[in-house]
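The next block holds one structure in the form of structure tokens; read it before the comments.
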Amino acid sequence: MNPPQQKNQNRPKPESPVRHLHPVQVKPPPSPRLSVSPSTPTFAANRRIAIAVDLSDESAFAVKWSIQNYLRPGDAVILLHVRPTSVLYGADWGSSTPPNTIPPPTSPFNATPTTISTPEREQLEDDFDNFTNTKATNLAQPLAEAQIPFKIHIVKDHDLKERLCLEVERLGLSAVIMGSRGFGASKRNSKGRLGSVSDYCVHHCVCPVVVVRYPEDGGSGGSGSGGNRLEIVKRAQSEAELHPVPEEDQEYHDAADDDHDQKVVSSGSNGKSGKKE
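The opening residue of the sequence shown carries number 1 in full-length UniProt numbering; numbering runs sequentially from there.
As structure tokens, then:
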């Protein structure tokens, strides 16, 4: 071996540069038993609740009932109202007026199109808008007092029932609450029945519909006291009790008789029975 080659072998080799590697965090894969889909709702998810109102006492009661029994912290509340496209179409507020007179601004809802000029009609529309906004704000007052965030959503349409269902779908609501008598039901014959609008929404809305029955005492049970609500429940239970039919009113069919058209009616007083042709 030559001396130059031996010297080269005895030289120390240069050290290779040291690379500093950053630590990498490896996340374990989720357990298949505990996997959560992004579309799966959780208990912390906020609900979008609408209270459909028609500016009546029944709607005011539905708002108070919602605060006491349905709404919870985190809910986004929408006070939804659909007013007629024209104040001269489908309106039923206020008392009737003579056909040839212009109604006062406080009740511009019963006039006929033939008695009102275009400027007067525009003025009535403005008055009706102000009236609607004022009434909706008054209905939302319990929500403000309960410190529940809300929005007032008012739309115009000639078809109240269909537009309500369309707005419910468009707003992506979780549920809608409405009164039972305020929407299209007769106050004289509405016991145990839904109004036409609430019945339509129950069958056509894409979300659950909560129908609040307006109490017969005019809503005094919705003031917030549990005792009044308990009285309403007890009274409803007592009205729903089944009473036995008096013995003298009972009718029996005698199956053993050859003539099936005859009826055996209990006398009730002397225990005898007579045959009736």
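Glycine included, C-beta positions come from ideal geometry on N, C-alpha and C.
Please read all numbers here as calculations on a predicted model, not as lab measurements.
Starting from residue i, trace the alpha helix (DSSP H) in both directions and tell me its first and last residue.
i	result
A146	Run containing A146: none; DSSP gives neither H nor E here.
R48	Taken as a continuous stretch (DSSP letters only), R48 belongs to no alpha helix (DSSP H), being part of the beta strand (DSSP E) at R48 to A52.
S56	No alpha helix (DSSP H) contains S56, which DSSP labels as neither H nor E.
D199	S196 to H204
L166	L160 to R170
Cα-Cα, which of the options is closest to residue i?
i	options	result
V197	I154, V53 and S174	V53
N69	V211, D217 and E216	V211
D57	A50, L71, A136 and N130	A136
P208	I67, E120, I154 and D199	D199
C201	D217, S117, E167 and E216	E167
R72	P149, R83, N138 and P119	P149
R83	N130, S117, Q147 and T118	N130
The beta strand (DSSP E) with residue i in it runs from where to where?
i	result
A140	Where A140 is concerned, there is no enclosing beta strand (DSSP E), given that its DSSP letter is neither H nor E.
V77	A76 to R83
Tell me, please, which residues DSSP counts as bridged to residue i.
i	result
V210	I177
F150	V77
V155	V82
Going along the chain, which residues of its own chain have a beta-carbon closer than 8 Å to the beta-carbon of residue i, five neighbours each way excluded?
i	result
G172	R48
N46	G74, D75 and A76
H81	A52, V53, D54, L55, T132, A136, I152, H153, I154 and V155
L139	V53, L55, S59, A60, V63 and L79
T118	none
Within a Cβ cutoff of 6 Å, which residues of the same chain sit near residue i, ignoring the five residues on either side of it in sequence?
i	result
E169	V206
G182	Unreliable positioning characterises G182 in this predicted model, as indicated by a pLDDT of 49, which lies under 50. The coordinate reading is nonetheless provided below. For G182, where only same-chain residues beyond five positions count, the Cβ hits under 6 Å are D54, S56, E58 and S59.
R33	Below a pLDDT of 50, predicted positions are generally treated as unreliable, and R33, at 49, falls in that range; no measurement from the model is reported.
E122	none
Between which residues of its own chain and residue i is the CB-CB distance below 7 Å, once the five residues before and five after are set aside?
i	result
T85	K156, D157 and H158
S66	I51 and I177
R213	S180
H204	C165
D174	First, the amino acid is wrong: residue 174 is Ser here, not Asp. If we look at S174 and ignore the five residues flanking it on each side, its Cβ neighbours are R47, R48, I49 and C207.
Answer yes or no: the CB of residue i versus the heavy atoms of the ligand FMN, is any distance below 8 Å?
i	result
V168	With respect to the ligand FMN, the structure shown offers nothing to examine, as it has no ligands at all.
With a threshold of 8 Å, are at least 3 pairs of Cβ atoms found where one atom belongs to the stretch 138-154 and the other to the stretch 73-87?
Contact between the stretch 138-154 and the stretch 73-87 is present: 3 or more CB-CB pairs across the two stretches fall below 8 Å.
Do the stretch 163-183 and the stretch 121-137 touch if we need at least three Cβ pairs shorter than 8 Å?
No: fewer than three Cβ pairs fall under 8 Å.
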